[in-house]
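Worksheet: one structure, shown below.
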Amino acid sequence: MSTTLGSLRRLLMAPSLEEVTFGSRGFPGASSEYAPKLEAIPQSVVCGFEWGIDSRDQWEVVRRLGFVEPELRGFAYEGATMAFTIRDVMGRGTRTRDLLSGPGAEHLFVAYIGIGFAMNHLPRGLWRKVVPDLAGSPYHPTMSWLAVDGYGFDLAYFHTRKWVDEQRVPAPYPWHGRPDYFPRAIDQGIGRALWFIHGAQSAEVAAAVARFDPARHADLWSGVGLAATFAGGGTPDELAGLPAAAGEHRAELALGSVFAVKARIHAGFVPTHSATAVETFGEITPEAASELADATAVAPDAPGAVPPYEVWRSRIRARFTAATKNLLA
6 MSTTLGSLRR LLMAPSLEEV TFGSRGFPGA SSEYAPKLEA IPQSVVCGFE
56 WGIDSRDQWE VVRRLGFVEP ELRGFAYEGA TMAFTIRDVM GRGTRTRDLL
106 SGPGAEHLFV AYIGIGFAMN HLPRGLWRKV VPDLAGSPYH PTMSWLAVDG
156 YGFDLAYFHT RKWVDEQRVP APYPWHGRPD YFPRAIDQGI GRALWFIHGA
206 QSAEVAAAVA RFDPARHADL WSGVGLAATF AGGGTPDELA GLPAAAGEHR
256 AELALGSVFA VKARIHAGFV PTHSATAVET FGEITPEAAS ELADATAVAP
306 DAPGAVPPYE VWRSRIRARF TAATKNLLA
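Counting from 1, position 176 in the sequence shown corresponds to residue 181 in my numbering; the numbering is continuous, with no gaps.
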């Protein structure tokens, strides 16, 4: 049930469903045959955000989220987590922690991305408060770098001229004490956004990545692999052309795909398009991809100069690097 204050928050902060369509955003992929399916994803995020920002209690939000079809439910949880994060940080409460340690735990991977969406609406001085303590989860805080990924996606989706066309580089921020890795995690999110901006048209996505500084290509391709696998779009034949387009970074494409499938399996639903993508990019089944992610996981307090998140990514990447070298030899 709505409250007066909740309705005001929703009116002030929630974009309309029309506002997130590709046509409204001026994306080159607006005419893609995959645009209607992909547009349902940000629209699901908006719905989840509206329910979260306007709610009296968690039960009502979770009940509404349960009505969303399984393929889109994680995206609605992104929106709800975004809303709860803003409410917790700007006021008082433990809504985000209670959601992600309870009924939203299976959507933790994408929920971190929702926290990143909230960051784009909060001053940097408050970012230290956005991630709740989820000490009981084996993925926390390692996977909270996905919040930075989500922040990067949000920048590219809503400020495309600056972050995609002009290819600006964001100012570092000491996320987990690693300001040097912060721009890399943002590029992973920008890579995901390119999949949407170009309507899942493989050739256009590859061309968009190529326009960036080559030093950024690896992380961008990782984001493309994650988006193509988790969100869908593209025929099997079109997806089959992406590894060759990624060239020396095809291992990063597979890496992103593995993380996407792991997130899908963790949530209990693997769409056909996710299975097709990971088999295409990594020549690996969804089950084997999930096992690979589990086998290479890193302790969140692992010492070293590289963030545990990137150590985990590098271990998965290594599984595909040898094959890449053989193909390019």
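Ideal Cβ placement from N, Cα and C applies to all residues, glycine included.
Given the structure is predicted, the values throughout are model-derived calculations rather than measurements.
Just how far apart, CA to CA, sit R14 and A256?
-> Only weak support exists for where R14 lies, its pLDDT of 48 falling under 50; the coordinates are left without a value.
Using 8 angstroms as the threshold, is the stretch 300–308 in touch with the stretch 242–250, meaning 3 or more CB pairs across them?
-> Using a Cβ-Cβ distance cut-off of 8 angstroms, the stretch 300–308 and the stretch 242–250 are not in contact, since fewer than three pairs of beta carbons, one from each stretch, lie closer than that value.
Three-state secondary structure (DSSP) of I321 | Looking at I321 - three-state DSSP - the assignment turns out to be helix.
Check Y39 in the structure and name its three-state DSSP category.
-> Note: Y39 maps to coil in three-state DSSP.
With respect to the alpha helix (DSSP H) encompassing H278, which residues constitute its N-terminal and C-terminal limits?
-> Taken as a continuous stretch (DSSP letters only), the alpha helix (DSSP H) holding H278 covers 277–287.
Going straight from the alpha carbon of K42 to that of V136, what length do you get?
-> Roughly 30 angstroms between the two C-alpha positions.
May I have the straight-line CA-CA distance separating T147 from E243, to the nearest angstrom?
-> Looking at the two C-alpha atoms, the distance is approximately 33 angstroms.
Which residue comes first and which comes last in the alpha helix (DSSP H) that contains S262?
-> First-last of the alpha helix (DSSP H) with S262: 255–272.
Please confirm if the stretch 213–225 is in contact with the stretch 162–175, defined as three or more CB-CB distances below 8 angstroms between the two stretches.
-> The stretch 213–225 is in contact with the stretch 162–175.
Thinking C-beta only, is L70 closer than 8 angstroms to R78?
-> One thing to note: R78 has its Cβ within 8 angstroms of the Cβ of L70.
Spatial neighbours of G28 within its chain, please: CB distance less than 6 angstroms, with the 5 preceding and 5 following residues excluded, ordered by chain position.
-> Excluding sequence neighbours, G28 sits near A35.
Determine the direct distance from the alpha carbon of L113 to that of A140, and round the result to whole angstroms.
-> CA-to-CA, the gap between A140 and L113 works out to about 13 angstroms.
Distance, G84 Cα to R102 Cα = The straight-line gap from Cα to Cα measures roughly 15 angstroms.
Taking Cβ to Cβ, would you say Y82 is nearer than 8 angstroms to V115?
-> In this structure, V115 lies closer than 8 angstroms to Y82 by Cβ.
Whether G121 touches D159 by CB criterion (8 angstroms) | Yes. Within cutoff.
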